[in-house]
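Okay, so here's the structure we're looking at.
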Amino acid sequence: MQSQKDYYSFVNPYLEKYDYGSLEFRHDYHFSGNLGFIYEKNRTVFKVWSPVVKNVEILSYGFWSEDYAIPVEPVAIWPMEYLEKGVWNLKIDTDLHLMIYRLRVTYDNGEQRTCHDPYSIATTVNSGHSVVVDLDRTQPENWNQRRMDFTRSVDAIIYEMNIRDFTIYPETDIEHKGKYLGLTETDRTNQDGLPVGLDYLTSLGITHVQLMPFYDFATVNEEHPSIEYNWGYDPANYNVPEGSFATDPYNPLTRIRETKEMIQALHDKGLRVIMDVVYNHVYDVATHPFTVLVPGYYFRHTADGKLANGTFCGNEVASERSMVSKYITDSVLYWAREYNLDGFRFDLLGILDVFTTRTIREQLDEIDPSIIMLGEGWNMGDVLPEVLRTTAARSHMLRGIGFFNDQFRNSIRGNVFDKYTQGFAAGGETDSNFLNYDLLAERYFRPGQMVQYVAAHDNYTLFDQITSSLPMRSFEEYERRQNLANSMVLLSQGVAFIHSGQEFMRTKFGNPNSYNSPDSVNQIVWSQTNRYSVDYFRALVKFRKEHQIFHYHTFNEILKNVQVDFLSDHLIKMRIRSENSHHVDFWVFFNAYGGFSPTLIDAGTYKIYFADNGYFIDEPRILELEEGGNMINISPLSTLVMEKINGYPAPDIDSVEGNGDVNNA
0 MQSQKDYYSF VNPYLEKYDY GSLEFRHDYH FSGNLGFIYE KNRTVFKVWS
50 PVVKNVEILS YGFWSEDYAI PVEPVAIWPM EYLEKGVWNL KIDTDLHLMI
100 YRLRVTYDNG EQRTCHDPYS IATTVNSGHS VVVDLDRTQP ENWNQRRMDF
150 TRSVDAIIYE MNIRDFTIYP ETDIEHKGKY LGLTETDRTN QDGLPVGLDY
200 LTSLGITHVQ LMPFYDFATV NEEHPSIEYN WGYDPANYNV PEGSFATDPY
250 NPLTRIRETK EMIQALHDKG LRVIMDVVYN HVYDVATHPF TVLVPGYYFR
300 HTADGKLANG TFCGNEVASE RSMVSKYITD SVLYWAREYN LDGFRFDLLG
350 ILDVFTTRTI REQLDEIDPS IIMLGEGWNM GDVLPEVLRT TAARSHMLRG
400 IGFFNDQFRN SIRGNVFDKY TQGFAAGGET DSNFLNYDLL AERYFRPGQM
450 VQYVAAHDNY TLFDQITSSL PMRSFEEYER RQNLANSMVL LSQGVAFIHS
500 GQEFMRTKFG NPNSYNSPDS VNQIVWSQTN RYSVDYFRAL VKFRKEHQIF
550 HYHTFNEILK NVQVDFLSDH LIKMRIRSEN SHHVDFWVFF NAYGGFSPTL
600 IDAGTYKIYF ADNGYFIDEP RILELEEGGN MINISPLSTL VMEKINGYPA
650 PDIDSVEGNG DVNNA
């Protein structure tokens with residue numbers, strides 16, 4: 000990685016010469032056509048956008064094969080012809096499948112630099128060179144574009160996981176450990192004979208799998224992946240699958256084909272696939288093709304010429320510039336179309352501008368409106384005007400884009416930056432007004448925009464925070480509190496989001512940021528999936544999917560049918576009725592108190608689905624309460640879910656106040 004000092008000495012003359020943010024520059028150099036290479040059997044056309052250089056050349060290094068050693072020097076050099084709008088063009092009339100190449104640019108001062116093609120869709124090992132490929136030769140058997148039936152984002156139950164973490168544990172019979180293909184294997188078990196990997200995912204009942212970065216990232220040596228670990232939030236090639244997850248990182252086709260095989264295997268099990276994408280920064284700003292091809296254009300700079308750093312990763316991608324916006328949009332659409340993806344989770348989404356994200360949403364709708372778009376809508380950075388940032392505060396402008404609800408998270412588990420703080424599930428005090436809005440999914444403009452969660456890959460695991468804030472308690476208490484927190488996610492309005500292992504109390508041994516920690520910290524420990532909490536989680540998922548009233552689609556429905564009351568600091572009551580009946584309603588109690596909590600409910604007959612940390616969803620228990628005898632005791636550290644089934648009409652709760660505009664829900 001080159002230093003930022005090298006970056007500034009290189010780009011500053013261009014920042015002084017060109018007003019990259021001006022309408023004039025946009026008018027002169029915005030190009031709306033295809034970039035990268037366009038492959039045909041007997042012809043390949045290359046297009047490169049590089050408007051401020053003297054010339055551009057394609058450097059050919061021959062054709063990849065199993066026994067081919069890539070030469071240090073190119074075997075052919077092809078000058079490109081300037082076309083228009085900053086675009087350089089070259090057409091080669093022969094079959095270039097598997098040709099290895101790089102770009103070389105010459106600047107006005109005679110200096111030359113090389114880089115890979117930013118529109119690369121295939122590379123050699125460790126991103127050394129771009130490769131021309133015929134994508135038709137990467138399709139697995141039975142590859143298709145079918146997506147599971149899915150229409151409403153509030154129906155999603157998203158499960159975040161890492162390909163390597165999920166398949167690397169040594170005590171399973173998964174053959175392709177740490178690889179894409181590890182997620183295609185079925186009939187795999189742990190040492191106790193319990194399902195692992197793909198079969199385990201299917202058994203949970205979730206609807207979407209959110210895969211942490213599997214584009215090409217920079218910090219794991221693809222030739223020796225077991226030596227290093229990294230989550231992958233350090234982009235190298237945005238449009239190329241990561242090679243360390245492939246069985247053969249040297250073959251440019253293998254990673255593409257195996258990524259598709261993984262996605263198809265998940266689809267075949269009824270699971271939709273969300274890709275975690277990181278368009279807010281790059282790993283090495285000095286050597287990235289963005290810098291080589293158009294020095295300084297792709298990144299934001301402060302008034303004194305320094306790289307903006309709202310990402311805390313050293314740079315910010317300037318998405319508000321038209322050709323940066325085009326690049327990001329092109330990249331997302333490429334993944335959606337070529338890999339049949341069902342959703343995109345945007346890291347640090349608040350760094351990107353609202354016009355880019357709205358364009359992406361509109362373009363995805365043309366492919367498939369059921370494709371999910373969600374992200375971290377934090378308000379970050381100070382170069383892009385706040386009004387232009389894709390933050391949760393602008394959810395009213397961003398229909399069809401979901402945002403993580405960190406207030407819900409902190410209210411239930413405690414402050415994620417202080418593992419000793421106690422949220423509601425750990426017995427701590429919480430702001431009833433905030434949590435009321437959160438349980439009703441009223442914080443953002445539409446319920447489908449509110450991603451309800453208590454844990455993700457960042458920060459401490461939920462279990463680590465609960466055990467740190469409540470030291471020296473019994474395992475049973477920790478399990479009950481974990482189940483309580485999970486039930487609040489799965490029984491609240493909005494979109495349910497689960498961190499892998501949250502269902503069995505996953506620990507990372509108190510590590511709050513395990514992005515480069517070894518497998519021993521990050522791996523899914525499959526010996527722990529026999530815990531009761533997993534069965535309890537499955538029951539919650541099944542119950543949520545069977546009862547639409549726990550994920551209403553509009554605020555009109557929520558405000559008309561759902562009421563939340565804080566009966567004490569440690570006891571919450573939710574009353575939810577069916578939209579089509581005034582004679583059926585659900586009563587939900589969340590009890591975070593270490594003892595029994597008595598409360599009054601209406602007389603009548605009730606089906607009990609969850610009580611005393613148990614579940615009875617297939618054969619509900621029956622509770623009869625007569626007039627004058629309707630006091631019940633709610634068990635400690637538990638969730639009680641009851642359905643009233645006889646002829647005592649539910650009270651009219653149309654007057655519930657909310658902060659959403661019900662006329663625009």
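Each residue of the sequence shown is one higher than the one before, starting from 0 at the first, in numbering that gives the first Met the number 0. All C-beta atoms, glycine included, are put in the ideal place defined by N, C-alpha and C. Computed from a predicted model, the values in this text were never measured in an experiment.
Residue environment: A307 is assigned as buried (16 or more neighbouring CB atoms within 10 Å of its CB, all protein chains considered).
When secondary structure is reduced to three states using DSSP, K418 falls in the coil class, being assigned neither helix nor strand.
For Q111, DSSP records a beta bridge to T105. With contacts defined by Cβ atoms closer than 9 Å, Q362 and A425 do not form a contacting pair. Bridge pairing for Q451: A495 [DSSP]. With contacts defined as CB atoms closer than 9 Å, T137 and R256 qualify as a contacting pair. Of all C-beta pairs linking the segment 517–526 to the segment 552–572, fewer than three are shorter than 8 Å, placing the two stretches out of contact.
By the neighbour-count definition (other C-beta atoms within 10 Å, threshold 16), M471 is an exposed residue. Between A591 and L483, the C-beta gap is smaller than 9 Å, which places the two residues in contact. If you draw a straight line from the Cα of T113 to the Cα of R103, it comes to about 4 Å. V640 is a Cβ neighbour of F542, given a cutoff of 9 Å. By a beta-carbon distance limit of 8 Å, L469 does not contact M573. Their separation comes to about 24 Å.
Considering only F549, D457, G181, S152, the residue with the shortest C-alpha distance to L197 is G181.
Note on geometry: alpha-carbon atoms of G20 and F345 lie some 24 Å from one another. Runs of the beta strand (DSSP E) spanning 3 or more residues and lying entirely within the segment 472–552 occur at 494–498, in chain order. Boundaries of the beta strand (DSSP E) around M372: 371–374. Here the segment 223–232 does not lie against the segment 123–132, with fewer than 3 beta-carbon pairs under 8 Å apart.
Judged by DSSP secondary structure, V86 falls within the beta strand (DSSP E) whose first and last residues are 86–91. Burial check for V71: the Cβ neighbour count within 10 Å stays below 16, so the residue is exposed. Between V450 and S596, the alpha-carbon positions lie close to 30 Å from each other. With respect to the 9 Å criterion, K90 and V44 are classified as neighbours on the basis of their beta carbons.
In the structure shown, the three-state DSSP call for S202 is helix. Per DSSP, reduced to three states, the secondary structure at P288 is helical.
Contact annotation: the segment 263–274 does not touch the segment 79–86, with fewer than three C-beta pairs closer than 8 Å. Taken through DSSP and simplified to helix, strand or coil, W142 comes out as coil.
The Cβ atoms of Y179 and M261 sit closer than 9 Å to each other.
Distance from G342 to F244 at the Cβ level is roughly 19 Å; contact not present, criterion being Cβ atoms closer than 8 Å. Nearest Cα to I57 within the set A68, P73, E65, P50: P73. DSSP places Q562 in the strand class (E or B) of the three-state scheme.
With a threshold of 16 other beta carbon atoms within 10 Å, S318 meets it and is buried. Non-local C-beta neighbours of R620 in its own chain, meaning closer than 6 Å and more than five positions away in sequence, comprise I607, ordered along the chain. Going by C-alpha positions, Y168 is about 17 Å away from Q501.
By the criterion of a C-beta distance shorter than 8 Å, A392 is surrounded in its chain by G376, N378, once the five residues flanking it on both sides are discounted. For the segment 163–210, the continuous beta strand (DSSP E) assignments of 3+ residues that do not extend past its boundaries occur at 207–210, in sequence order. N435 carries a helical assignment under DSSP once its states are collapsed to helix, strand and coil. Contact between the segment 506–525 and the segment 610–626 is absent: fewer than 3 CB-CB pairs across the two stretches fall below 8 Å.
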